[in-house]
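Chains as they are written, first to last, in our numbering: chain A, 3 to 279; chain B, 3 to 279; chain C, 3 to 279; chain D, 3 to 279; chain E, 3 to 279; chain F, 3 to 279.
There are 6 protein chains.
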Amino acid sequence: MELPDLRGREAILKVHAKKIKTADDVDFHTVARMAAGASGAELANIINEAALRAVRGGRTVVTEADLEESIEVVIAGYQKKNAVLSDQEKRVVAYHEIGHALVAAMQSHSAPVQKITIIPRTSGARGYTMQVETGDKYLMTREELENKIATYTGGRAAEEVAFGQITTGASNDIGQATKLARAMIARYGMSEDFDMVAMETVQNQYLGGDASLTCSPATQQEIDRKVVELVKAQHAKARKILTDNRDKLDELAGFLYEKETITGEEFMEILTGGEQR
Amino acid sequence: MELPDLRGREAILKVHAKKIKTADDVDFHTVARMAAGASGAELANIINEAALRAVRGGRTVVTEADLEESIEVVIAGYQKKNAVLSDQEKRVVAYHEIGHALVAAMQSHSAPVQKITIIPRTSGARGYTMQVETGDKYLMTREELENKIATYTGGRAAEEVAFGQITTGASNDIGQATKLARAMIARYGMSEDFDMVAMETVQNQYLGGDASLTCSPATQQEIDRKVVELVKAQHAKARKILTDNRDKLDELAGFLYEKETITGEEFMEILTGGEQR
Amino acid sequence: MELPDLRGREAILKVHAKKIKTADDVDFHTVARMAAGASGAELANIINEAALRAVRGGRTVVTEADLEESIEVVIAGYQKKNAVLSDQEKRVVAYHEIGHALVAAMQSHSAPVQKITIIPRTSGARGYTMQVETGDKYLMTREELENKIATYTGGRAAEEVAFGQITTGASNDIGQATKLARAMIARYGMSEDFDMVAMETVQNQYLGGDASLTCSPATQQEIDRKVVELVKAQHAKARKILTDNRDKLDELAGFLYEKETITGEEFMEILTGGEQR
Amino acid sequence: MELPDLRGREAILKVHAKKIKTADDVDFHTVARMAAGASGAELANIINEAALRAVRGGRTVVTEADLEESIEVVIAGYQKKNAVLSDQEKRVVAYHEIGHALVAAMQSHSAPVQKITIIPRTSGARGYTMQVETGDKYLMTREELENKIATYTGGRAAEEVAFGQITTGASNDIGQATKLARAMIARYGMSEDFDMVAMETVQNQYLGGDASLTCSPATQQEIDRKVVELVKAQHAKARKILTDNRDKLDELAGFLYEKETITGEEFMEILTGGEQR
Amino acid sequence: MELPDLRGREAILKVHAKKIKTADDVDFHTVARMAAGASGAELANIINEAALRAVRGGRTVVTEADLEESIEVVIAGYQKKNAVLSDQEKRVVAYHEIGHALVAAMQSHSAPVQKITIIPRTSGARGYTMQVETGDKYLMTREELENKIATYTGGRAAEEVAFGQITTGASNDIGQATKLARAMIARYGMSEDFDMVAMETVQNQYLGGDASLTCSPATQQEIDRKVVELVKAQHAKARKILTDNRDKLDELAGFLYEKETITGEEFMEILTGGEQR
Amino acid sequence: MELPDLRGREAILKVHAKKIKTADDVDFHTVARMAAGASGAELANIINEAALRAVRGGRTVVTEADLEESIEVVIAGYQKKNAVLSDQEKRVVAYHEIGHALVAAMQSHSAPVQKITIIPRTSGARGYTMQVETGDKYLMTREELENKIATYTGGRAAEEVAFGQITTGASNDIGQATKLARAMIARYGMSEDFDMVAMETVQNQYLGGDASLTCSPATQQEIDRKVVELVKAQHAKARKILTDNRDKLDELAGFLYEKETITGEEFMEILTGGEQR
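Structure follows, in structure tokens:
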């Protein structure tokens, strides 16, 4: 089953929304954009969750805010309000998330940042940065993939720049960056040496499906080397971006630490020279 | 089960066509040629699909056009009219498809181009180039196989020549080119070094069936090297063909970008010096 | 279950033939010899098939010819009369089959050629060369096995000698030659270096059963090397035989191309200096 | 299922405690801290076990001590009072446990020691050292992970320092230290050379889930080397800590040997210069 | 289930023999010795088979000869009287079997030859040499194992000495010799280099059970090398024995070729200087 | 399920013994010591077996001797009185068993010898040496493990010293010595190079459970090398012990050959200078 694209998501949301009362200002196109990657079943869940939220809030109509929060609930679970991060952990998480956002923002072709939050979720996430594309993406260039890897490494890069030490907080980013880099080398023909030869086959065709090697151990080793080289270069780039923008990094992380959630607009305002708060 | 050959397909189509009314001009031989690779079940589907299409179109007889469109539906799914590629993506896809077609056309022994389209299909294809052989092919020479690999690489080669950058759009071509090149080296005895020794055995005997290695890791590495060498050479050839025919590439891609679908006749007309449109 | 030997096959054929009327001249010994490798069930099928063929031909007795044709049906399927090979493909297939036959005939210890045909069969075979041993073979010497490998390579060697190019038509020969060569090296103790040590074990004891390696990767590599060396030498020998007998190759291939089927007698007549036709 | 965090454990304990009568002084926050890593089902068990213990002790209310002992029962099984360690074994175990505790205490970022015991348990443990964090830990720095490895090696290091010989008593510690060190190298991106590339994937996401390698044998070897280097350095550090604090080691081990169980307070008192007993 | 030993076999045979009438001269001890390696079920079969044979022969009592022939039937199947080996094949088989027998006889510690036959059996055996131990063997020395390997290689060695060529007839011997040699190296600690370290583990504990490697590929390669060296040396010894006794080899093979079966007494008579026949 | 320890075994034996009448002198502590490694079910069997033995012997009470013999029956099966070892085999087995016992006795930390026997058992054992610890062992030092390996190699070492040749009789010892040595290197952190890093993980936690490798092939090779080195050194030590005590070896083996079973007291008496018998 292919996942629905942007228009498909909008259509599915509207179908399910017929069963509930929505506020006049609800913009399903925006909601569909934010719900990138959601399946049909998850889109139905988002509508239900939003309806429940409205009920809990004593409202008779579902608002845009209900829908947006319910996207986060479906993707990352409910807010885990009573999780108690130590102050130092909270500070590290704030820098980590700003690291992702700032590296993304400082590169071309990155999807705009929609929201950054350090309120833990029941999925186990200690925070996340939501980027939202303006439309569907069917093709990705090598440069866009490299930037995506750099963005994944941005969280740890921020820890390095700000604290000079690293934590287990980047585990998931490491997995994602590795998956993408391996695909570039072993499936998308994006290395000089392998040219247009696939060294892996994939069971599940979506980005990051399960890959199985079809090459010799010596070629596997070459893949390992190329993957490390690729990720290392993007990690270094991310670190440079953050070092070059240390002021913004500190300002944004401080703001996020305090507010716990910031919107894309707030993020851009500070980034584009908004004065010190 | 062996797939039906050309005569077989024509016979099967005619059997199923007895249940429907077809226009007088329907040429089942041509339909059978276009449906190369289809199984008996798929051929039955093609007739059903064409009948439904006629009904939807308010026609009482099934036309040649109904049959041709239904072949595409069975192979690649319905047109996905509301898929919104960005303008730049659409331009890349147009060059990509013309790349395949132009490399095929500029080599001897290639099957003629029947149709090129960049209307996305529900199968996930963002476009495709349909080549149709004039008869069944029982044997393929090394040169024909190499040309086929060059044709597979033609899509990315066009991206390189036109845009100087590469995308994930060639993933499937990479898989196909690799499969064919591995078969040449490891099963068809088409390398100097391995002579007439098979280094893989195949479960499913059709071209590109699942192969399992029966050789040592060191020999696997040699296979990897030879496959890369083989594909690299054809990729370079494809790039040269497109660079040498840059004018035609631009003209054809521009035409396809605008029209979204072009026929084999239109393709050949432009290719053989038809004046600028 | 061991397959029946020559006497066994003759006996089985006679048992089943009791249920049908056979012409006086039917020689079950010859039929049994031609049906080498057939199982008990296949021998029963051969009798049934021959009976049906006689009925279709309006005959009340089954003739030797009915039996011989039905052997081919059981082994390779029915003639696929409507398969349309291109003229060039037909020519390549003719040379390919004569290549096998001529290499076999020019070596000592080869079973005599009984029939060569290029009428495609429903099994997918584009043609074949039937060699029939005069008796059962219980032991094979190294030389006989090497000659058998040379015969397998004879098809492609003929393509090389006559057309200077190679095709996928030799895929099956490559698999068979490899299987035999691996068995010589890894199971029959026919290499200097491994002496009487088995490097593979076999599940199914018949010639070419499924083998699984029981040695180290480095030893596997040595096996690969020895197999290539062995096959390469026989392939070169086959090519030499055909080059040295180019006149006969051309004459026989031309004759087969025209007639589509030739008997062992016709083959030998041309081979032993029958004048130009 | 994610395990409950500190607040979650406290809440779950209180829910189950409603069914029993507890002494006024019971501090569920402390109990929850001690029960780190327990699942919901284990927390329910802890309450039941404590109730049974009170009954066996002829008490009508469950005390803090009942709850603390029942945590140990659920985690490590009942005390195995009749296990007869030889005197020398008992001495070795005492040094081993003090080794863990002393190395932990002498490093920064280590959770405080709560209790050390050398009374064997039915789980097979010959003794253990209970460390209790003051709050939940969501992130671990490289330094904290290294210290944890050093603490694991502290048991054997004490055997080396005190007896100049080593025993099988460290088997479990070796497994834990290896697991953590491999995760640092192959999943947490904590080696210079692999940067932010994952060389393993993990089925079960909790610390120390089952990992499967996705890299070449040569890269595996590099992982092995780095893991050994990492553990060796921490082991050496542990040995140095114990050598530098030989007096305390002897004093504490002697005390534990005699008393069989010592509390965190007793441990700290001796450690921080309490006079000789 | 352990197989019965000599006394056990004798007892089992006697139990089953109670149900039939046996000639007075039947020596169950001898029969039990000849049936070495037979299971309880096979011993029951031997008695039944002998009874049927007596009935077919019109005898009312079962003779020693009935029992001896029925052992062969149970082990190797019925005589396949109508198998037609070519004269050359029969000659090769005669030399092959005498090769085994002569190498065995010329070495110390070999079990005496009981019978040699070249009448094919339905098991597929083209002939065999029956050696019968005088008692059970519980231990085998390195020398005895080496001699056993030499005996296995004796068949092919005879082909080499007499005909200067080798055949597939030694396939089974190669498998047996390899199995024994691998066990000596990898399980019986009979190589200098591996000392008393097992490099394989065995599922089924009887001689030649299924072994699985538990060592590194590099060690596997060492095993391969040592196995080849070991077998090569014994093969050379076998060839030397036969070359040194060429007269006896020719005489015995000629006698066996003519008679098709010879007894241990006939074998020894010729071997120990019986005059030319 | 953990196996019962010494006290546990004694308790279990006493529970089951309540159902039978035992002689006054029965010492369950000694019986429990001899039954080291027995499960609860096996302990029940030992009591039943002893009761049956008393009945067969016409006794109304179960004696210590009944219990001791029944331990052997449960562990190694019934005596196989009619097994006929050749005189030479019997002599080899006698030296082999004394080899184990003498090497054990000449090293410190070895459990005392309780009984040595060369009466074959239905388990297939041709003899065995029973060593009985005075108490449970919870920890083993490197030295104790090395001594245990030396004891395993003592059987073959005795064959070498006494006969200058080796037999298959040490197969089982080789497997046990290898298992222990691999555990020392790969799981107990007892090699300099791997320090406290585990290179294997174990499914079943008891000594010698099934281990699976988690390291690279190169590291496996290092493990192989270290294991060989370790076993070789202990084997050499065993050989030295036996060579240095050749008189005692001959005397004890001669005595065992004659008596077939000797007690620990007899063994010690001869060992500690009892005069020649």
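The C-beta atom is built at its ideal place from N, Cα and C for all residues, glycine as well.
Beta-carbon separation (whole angstroms), residue i vs residue j, contact threshold 8 Å
i	j	result
I121 of chain A	T263 of chain A	6 Å
V64 of chain F	K23 of chain F	7 Å
Q90 of chain F	A113 of chain F	No, Q90 of chain F and A113 of chain F are not in contact; Cβ-Cβ is about 31 Å, not under 8 Å.
V115 of chain A	F257 of chain A	Wrong, their Cβ atoms sit about 13 Å apart, outside the cutoff.
E99 of chain D	G166 of chain D	About 19 Å; that fails the 8 Å criterion.
G317 of chain E	K117 of chain E	Because chain E is modelled from 3 through 279, residue 317 of chain E falls outside the range shown and cannot be assessed.
A43 of chain B	L69 of chain B	The Cβ separation is near 16 Å, so there is no contact.
Unbroken beta strand (DSSP E) run spanning residue i, endpoints
i	result
M132 of chain A	Y130 to Q133
I118 of chain C	V115 to T119
T263 of chain E	T263 to T265
7 Å Cβ shell around residue i - same chain, five flanking residues per side excluded
i	result
T221 of chain A	M201
K239 of chain E	A152
Proximal residues to residue i (C-beta, below 6 Å), its chain only, five neighbours per side dropped
i	result
V95 of chain C	I120, R128 and G129
Q109 of chain B	N149
D7 of chain D	D138
Contact set for residue i: own chain, Cβ-Cβ below 8 Å, skip 5 residues either direction
i	result
E161 of chain C	V94, Y97, H98, G101, Q167, I168, T169, G171 and A172
E66 of chain F	A25, D27, V28, D29, T32 and V33
D197 of chain E	G191
Residue span of the alpha helix (DSSP H) that contains residue i, given as start and end
i	result
T153 of chain C	R144 to F165
L182 of chain D	S173 to A188
Q223 of chain B	P219 to D246
D68 of chain F	E66 to A78
Y97 of chain D	D89 to A107
E51 of chain E	G42 to R58
V17 of chain A	L8 to A19
A34 of chain C	F30 to M36
CB contact check: residue i to chain H, cutoff 7 Å
i	result
G166 of chain D	Absence of chain H from the displayed structure is noted, the protein chains being A, B, C, D, E and F.
Would you check if there are 3 or more beta carbon pairs closer than 8 Å linking the region 95-107 of chain C to the region 62-81 of chain C? no
Between the region 178-192 of chain E and the region 169-179 of chain F, do at least 3 Cβ pairs fall closer than 8 Å? yes
Taking a Cβ distance cut-off of 7 Å, strictly less, list which residues of the region 129-141 of chain D are near chain A, in chain order. G137, D138, Y140 and L141
Do the region 225-232 of chain B and the region 175-186 of chain C touch if we need at least three Cβ pairs shorter than 8 Å? no
Chain-ordered residues of the region 227-251 of chain A with a beta carbon less than 8 Å from chain D: V229, V230, V233, K234 and H237
Listed in chain order, which residues of the region 143-159 of chain C have Cβ atoms closer than 9 Å to some Cβ of chain E? T143, R144, E145, E146 and L147
Would you list, in chain order, the members of the region 181-196 of chain F that have their beta-carbon closer than 8 Å to a beta-carbon of chain D? R189, Y190, G191, M192, D195 and F196
Below 7 Å between beta carbons is the criterion; list the residues of the region 75-104 of chain B that meet it against any residue of chain A, in chain order. N84, A85, V86, L87, S88, E91 and V94
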